[in-house]
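Numbering (mature numbering (1 follows the signal peptide of the UniProt record, and there is no 0)), first residue to last: -24 to -1, 1 to 338. Ideal placement from N, C-alpha and C gives every residue a C-beta, glycine not left out.
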Ligand SMILES: *[C@@H]1O[C@H](CO)[C@@H](O)[C@H](O)[C@H]1NC(C)=O
Ligand SMILES: *[C@@H]1O[C@H](CO)[C@@H](O)[C@H](O)[C@H]1NC(C)=O
């Protein structure tokens, strides 16, 4: 009898310690369509992924607002940290215990600058995403108290993905755009970085202590830009030049911020190098092409949007690009695997598996 009781109490202790270990850290997401989990579905905007064939490979086979055939980068990061996918901040389901998983504030079409994506009308600009983060903290505080809330935020993982739209949906959107008349490209990049600094500092002030910051991908190589600006399928030179100016300055900014703070709060994920790997050698990664989008029309399936009337490839895993701008789920998986285990060529100053190991010790 006694031994049974001892056995049972040991079992209970063991089980409860397993469940507290399994309780994943919260995850917060900020940025544009690469990481939007569906906020734009709730807005009057043209930047949306709420109909077939978006979501064709998602577990529910339904469009969810993710700009992917299936899962996107935040979903796959949630998987890696052992957490449920975050809900969009505007989702009515984001209440009660669901709040403790984190939230996704991202909105397709936005950029670092307020005037980026104006053509998409009503979208959640980055300053508003940060205001919602503050509002979120008040809501959680009412649920679990201010001290616990502070802990939840400080221990959370944060992802922010910005910048691509400031080029393709602003500076290069039309010839002689307002920003391109105001700034030379190098000066525009300096301006973007100075505005990005304010955003990251604000995120820190709001309690974020582990922030993955992605640079822009090879935006000149996406099917949309190949269709518009390339004659022979080579990456659009001018737009690649923009990414090549932006990314190293973002790296410098992160080094500076971390040294001012005295801790590795910010971690850069070099999306440019990650994409470039499978753009230069798609076959090595199991793709038949990295130039043609699975869903779209015109050259490279790069013109216009992915709609029910578009060409659609039968096997999405064979395409690096799902639509004219966004990677397929398969490509997203490769990217997030590199977040996890990539060397300093990709992740600085450390990768996600190192972050997880470090943070589980504190
Ligand atoms: C962007 O808009 C927000 C909210 O209106 C404002 O606080 C911020 O200063 C603006 N940023 C720039 C760079 O104009
Ligand atoms: C990244 O992760 C791997 C383990 O998966 C580790 O061996 C490597 O040292 C890490 N690199 C960095 C830069 O943190």
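Asked                                                                                                                  : Found
beta-carbon residue 327 near ligand 2 non-hydrogen atom, thresh 6 Å                                                    : yes
Length of the line joining the Cα atoms of residue 95 and residue 87                                                   : 12 Å
Span separating the alpha-carbon of residue 188 from that of residue 163                                               : 25 Å
Cβ neighbour criterion (16 or more within 10 Å) applied to residue 337                                                 : exposed
Alpha-carbon to alpha-carbon, residue 199 and residue 267                                                              : 6 Å
Close-in-space but distant-in-sequence residues of the same chain around residue 43 (CB under 8 Å, 5 per side omitted) : 9, 10, 12, 25, 30, 84, 298, 299, 301 and 302
Runs of beta strand (DSSP E) lying entirely within the segment 140 to 199, each at least 3 residues, in chain order    : 187 to 190
Short CB-CB distance (under 7 Å) between residue -1 and chain C                                                        : The chain inventory of the structure shown lacks chain C, comprising one protein chain alone.
Reduced DSSP secondary structure (H/G/I, E/B, other) of residue 82                                                     : coil
Complete alpha helix (DSSP H) runs within the segment 275 to 319 (minimum length 4 residues, chain order)              : 305 to 317
Straight-line gap, residue 167 to residue 159 (C-alpha atoms, nearest Å)                                               : 9 Å
Every unbroken beta strand (DSSP E) inside the segment 23 to 107 [3 residues or more]                                  : 78 to 80
Pick from 186, 45, 173 and 143 that is closest to residue 127, judged by C-alpha positions                             : 186
Backbone CA spacing between residue 152 and residue 146 [nearest angstrom]                                             : 11 Å
Residue environment, residue 353, which counts as buried when at least 16 other CB atoms sit within 10 Å               : Summary: the structure shown does not reach residue 353, with the chain confined to residues -24 through 338, and so no result is reported for it.
Beta-ladder partner(s) of residue 269, from DSSP                                                                       : None; residue 269 has no bridge partner.
Alpha carbon of residue 21 to alpha carbon of residue 40, nearest angstrom                                             : 15 Å
Per-residue DSSP class, three states only, for residue 327                                                             : coil
Spatial distance of residue 46 from residue 54 (CA atoms)                                                              : 14 Å
Reduced DSSP category for residue 212 - H, G, I as helix; E, B as strand; rest coil                                    : coil
Length of the line joining the Cα atoms of residue 261 and residue 291                                                 : 15 Å
Near ligand 2: residue 190 beta-carbon under 6 Å from a heavy atom                                                     : no
At least three beta-carbon pairs within less than 8 Å, the segment 114 to 122 to the segment 168 to 176                : no
Residues surrounding ligand 1 [beta-carbon distance to nearest heavy atom under 6 Å]                                   : 90, 103 and 171
Distance between residue 203 and residue 183 (C-alpha atoms, nearest Å)                                                : 42 Å
Residue 243 - DSSP class collapsed to helix/strand/coil                                                                : strand
Separation of residue 317 from residue 252, as counted between CA atoms                                                : 17 Å
Alpha-carbon spacing of residue 308 relative to residue 281, whole angstroms                                           : 20 Å
Secondary structure of residue 116, DSSP reduced to three states                                                       : helix
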